[in-house]
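Single-structure report; data block below.
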Amino acid sequence: MDLRTVNVTRYIMPLREGGSLPALAEADDDFKYVVKFRGAGHGTKALIAELIGGEIARALHFRVPEIVFLQLDEAFGRTEADEEIQDLLQWSRGLNLGLHFLSGALTFDPIVHQVDVQTASQVVWLDALLTNVDRTIKNTNMLMWHKELWLIDHGAALYFHHSWENWQKQAVNPFLRIKDHVLLPYASQLEEADNRFKQILTEEKLQEITDAIPDDWLTWAEEGETIQDLREVYFHFLKERVHHSELFVKEAQNARKALI
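Each step along the sequence shown adds one to the number in the UniProt record's numbering, with nothing skipped, and position 138 is 138.
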């Protein structure tokens, strides 16, 4: 998997309030990107979740904005007037992550926008796999662009990596929080999604995606662990979740029955 690397040339504006402070910026390829900064909130772990979540979604043929590596120069942001943003930019020197900006896209609203049961089931399956806690009615993290559904913002996925304790046990977690998923009421074809997606997410594909994690983002190794050890944990976590997908599929089905 070959992701492009570009350089940030202009900070345009912060996109919303909150701990992560993503921003709209321009790069030296003349495109605009939504930037996720390594110096924000959960640091590089949020960038890893964004990378893995987005590229797994792309492998499953969802529409996802192009993901790029964004290089932030040491001198960048020194003239920024807002002290909080200036600090964020200074803490984020080096390799960050960007998603191609979808100009004019609308936030997905389940009351306004219709999603067919196949698509709903597939998105629910994806988020159950990724243990993504952040695709709810309050924050759908989906966009409508040119009348098509696009998935964004997977930084809250893979929450096991915030502790690293018992990751093997967490890999077979049925993911109870799927009950809050915005598309769960419409997800009536979870078994069909399961059968299809397990064929796509081979060990080779998962290895390809986890191999794309930059060494520079794997800097919290415990004593005796190497960067490659950490990368392998992500691979084995995902492999186990795919292998035991019946656990989270059943949980989602039960949660849906309780809703409808």
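Beta carbons are placed, not taken as given, at the ideal position from N, Cα and C, and that holds for glycine. If you're wondering where the values come from, they're calculated on a predicted model, not measured in any experiment.
*In the stretch 78–108, which residue ranges form an unbroken beta strand (DSSP E) of at least 3 residues, counting only runs that do not cross its ends?*
94–100
_I need the DSSP call for T44, collapsed to helix, strand or coil._
helix
*Return the chain-ordered list of same chain residues with a C-beta closer than 7 Å to the C-beta of A157, the five sequence neighbours on each side being excluded.*
A49, G53, L130, T131 and N132
*Which of the three DSSP states, helix, strand or coil, is assigned to E148?*
strand
*Apply the 10 Å Cβ neighbour rule to V112 and answer buried if 16 or more other Cβ atoms are within range, or exposed otherwise.*
exposed
*With hydrogens ignored, establish whether the beta-carbon of H236 is closer than 6 Å to any heavy atom of the ligand FAD.*
Of the ligands one can find in the structure shown there are none, so the ligand FAD has no counterpart to examine.
*Compute the Euclidean distance between the alpha carbons of L126 and A193, then round it to the nearest angstrom.*
9 Å
*Measuring CB to CB, does L184 end up less than 7 Å from R93?*
no
*asked:* Using the Cβ count rule (16 or more neighbours within 10 Å means buried), how would you classify Q199?
replied: exposed
*Expressed to the nearest angstrom, what Euclidean distance is found between the alpha-carbon atoms of H161 and E232?*
12 Å
_Every unbroken alpha helix (DSSP H) within the stretch 138–195, with a cutoff of 4 residues, ordered by chain_ = 167–171
*asked:* Just to confirm, is the Cβ distance from L88 to L21 under 7 Å?
replied: yes
*Under the three-state reduction of DSSP, which class applies to R231: helix, strand or coil?*
helix
*With DSSP as the reference, label V115 as helix, strand or coil.*
coil
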